[in-house]
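Per full-length UniProt numbering, residue 1 is the first one in the sequence shown, and the count goes up by one each step. The C-beta atom is built at its ideal place from N, Cα and C for all residues, glycine as well. The model shown is predicted, which means the values in this text are computed figures rather than measured ones. Here the structure comes first, spelled out in structure tokens, and everything after it is commentary.
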Amino acid sequence: MVKYVLTGATGGLGSQVLKYLLQLVPASDIAVSLHNPHGLSHDILATGIDVRKGDFADPRSLDRAFAGADNLLIVSYPSIAHQLRVQMHTNAIDATKRVGVKHIYYTSLAFASDSVAEVMQAHLDTERYLKQSGLTYTILREGIYSESFPLYFGFFDPQEGGNEVLIPYSDGAIAWVSRPDLGEGTAKIMASGGYENETHLLSGSRTLTLAQLAAKISAIIGRPLTLRVVSEDEYVRANVGKHGPRGEEPFLRKWATTYKALARGELDVVDPFLQNLLGRPLKPMEDTLQEMLTGTGAVMEQYAK
Ligand SMILES: NC(=O)c1ccc[n+]([C@@H]2O[C@H](COP(=O)([O-])OP(=O)(O)OC[C@H]3O[C@@H](n4cnc5c(N)ncnc54)[C@H](OP(=O)(O)O)[C@@H]3O)[C@@H](O)[C@H]2O)c1
């Protein structure tokens, strides 16, 4: 028996949840269910946590990986492909039921409950499925990662030069929040128990629009940047064939709906819940920008796969 099984623990968010959970409960209480069981660092392996193979695409592997757990963290599957993503999450929820896990924690996203953003639709479907499952759940609407700013900011890469950042539809305010703060908050919620059948937004403690971000980034990189709102077609033309899979037209058209959501103020929501939970100020967006823009390595590599 283990108290906690975490999925996604090799990823940007899940690795932070694991790091903080290890500070709150004994390592012997934790198992990880990994897509790639070789993805853990030596430091984490040295804690002696139980490492299991669990692929959302393979239900039988999930039965083995989730067996004997009281609490399970489902970190959402990294994709914008709606049906595939819902299927992965459904597989995980169904396995949870089969093996008798008591409480599921699901990492949802911060867009509105009636969101027009494509990226939110799989989360809303998963939330509905979870609520109807009869399982005890806690839905954590994780805020927009500060570290993911290039995705929202026209796939910005300082190495590429240029003074214009193109976005479709609209700018809007975003309550950016760092993955370490989200990881610590998520771990605290899991370790404390409670929050049964509740949904919480874990947002940053203030908002910044993309135009405000442009001014801050300009100051850091010493080059003036202007944010320009263009048509969806112009946005697609400017990015197609670049940025790996994110430069494919179907992805770009889906991602463009994010900016319709910004126009509706869907991410312009500050909830004090996370800051109160951590009992300290959250990491400012400026610090993440400074680290990412002056650090080594390409910025594009530093946000979610
Ligand atoms: N809030 C935001 O701003 C934001 C931004 C981007 C993404 N997200 C969502 O939040 C999630 C967590 O973000 P992140 O930054 O931690 O993403 P990430 O670094 O890409 O991590 C994703 C995790 O999912 C695991 N995974 C991939 N395929 C899997 C499968 N078939 N079965 C089980 N696990 C699988 C990966 O394992 P391997 O390393 O072994 O492949 C990895 O541990 C993402 O997956 C995405 O759904 C949120």
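Who are the near neighbours of residue i in its chain, counting only those whose CB is closer than 8 angstroms to its CB and skipping five residues on each side?
i, result
"Arg52", "Val5, Ala31, Val32, Ser33, Leu34, Pro37, Arg64, Ala65"
"Pro281", "Ser205, Gln275"
"Val270", "Ala175, Ser203, Gly204, Ser205, Arg206, Thr207"
Looking at residue i: is its Cβ nearer than 8 angstroms to the Cβ of residue j?
i, j, result
"Ala112", "Arg264", "yes"
"Leu274", "Gly185", "yes"
"Thr107", "Leu72", "no"
"Ala214", "Leu166", "no"
"Thr47", "Leu22", "yes"
"Trp176", "Ile144", "yes"
"Val99", "Ala67", "yes"
"Ser218", "Leu208", "no"
"Leu18", "Ile44", "yes"
"Ile74", "Ser133", "no"
"Pro158", "Leu293", "yes"
"Ile80", "Lys254", "yes"
"His141", "Leu84", "Inspection of the sequence shows that residue 141 is occupied by Arg rather than by His. No; because the gap between Cβ atoms is not below 8 angstroms, this pair is not in contact."
"Ala173", "Asp268", "yes"
"Val236", "Leu262", "no"
"Ala187", "Tyr20", "yes"
"Val86", "Asp55", "no"
Name the two residues that bound the continuous beta strand (DSSP E) containing residue i.
i, result
"Ile80", "From DSSP, Ile80 is part of no beta strand (DSSP E); its letter is neither H nor E."
"Arg228", "226-230"
"Asn71", "69-75"
"Leu6", "2-7"
"Leu140", "136-142"
Which word fits residue i, buried or exposed, when buried means at least 16 other C-beta atoms lie within 10 angstroms of its C-beta?
i, result
"Glu249", "exposed"
"Ser28", "exposed"
"Ser192", "exposed"
"His42", "exposed"
"Leu109", "buried"
"Arg179", "buried"
"Met1", "exposed"
"Glu266", "buried"
"Val240", "exposed"
"Ser76", "buried"
"Glu286", "exposed"
"Ser203", "buried"
"Ala57", "exposed"
"Glu127", "buried"
"Glu118", "buried"
"Arg60", "exposed"
"Gly244", "exposed"
"Pro26", "exposed"
"Val299", "Bear in mind that a pLDDT of 48 at Val299, under 50, signals an unreliable position, so the number given afterwards is only what the model happens to contain. Label assigned to Val299: buried."
"Arg223", "exposed"
"Glu234", "exposed"
"residue 313", "This structure does not reach residue 313, given that the chain is present from 1 up to 305, and the question cannot be answered."
"Pro272", "exposed"
"Ser146", "buried"
"Lys3", "buried"
"Gly11", "buried"
"Pro78", "exposed"
"Gly279", "exposed"
Note the first and the last residue of the continuous alpha helix (DSSP H) segment covering residue i.
i, result
"His42", "42-46"
"Lys242", "Taken as a continuous stretch (DSSP letters only), Lys242 belongs to no alpha helix (DSSP H), as it is neither H nor E."
"Leu210", "210-221"
"Leu151", "149-152"
In its own chain, which residues sit with a C-beta less than 7 angstroms from the C-beta of residue i, not counting the 5 before and 5 after it?
i, result
"Ser15", "Ala9"
"Leu227", "Val165, Ile167, Asp171, Leu210, Ala211, Ala214"
"Asn197", "Thr136, Tyr137"
"Gly154", "Val165, Leu166, Ile167"
"Met120", "Leu109, Phe111"
"Thr90", "Tyr129"
"Ser231", "Pro168"
Excluding the five sequence neighbours on either side, which residues of its own chain have a C-beta within less than 6 angstroms of the C-beta of residue i, listed in chain order?
i, result
"Lys260", "Val116, Tyr169"
"Lys283", "Ser178, Asp181"
"Ile189", "Tyr195"
"His103", "Asn71, Thr136"
Under a CB-based cut-off of 8 angstroms, is residue i close to chain C?
i, result
"Glu184", "In summary, chain C is missing from the structure at hand, where a single protein chain is found."
Entirely within the segment 87-120 and at least 3 residues each: give me those beta strand (DSSP E) ranges in chain order.
103-109
Suppose only complete runs of 4+ residues qualify. What are the alpha helix (DSSP H) ranges in the segment 256-293, listed by chain order?
273-278
Segments of 4+ residues assigned as alpha helix (DSSP H) that fall wholly inside the segment 162-197:
179-192
Which runs of the alpha helix (DSSP H) at least 4 residues long sit entirely within the segment 13-61? Give them in chain order.
42-46
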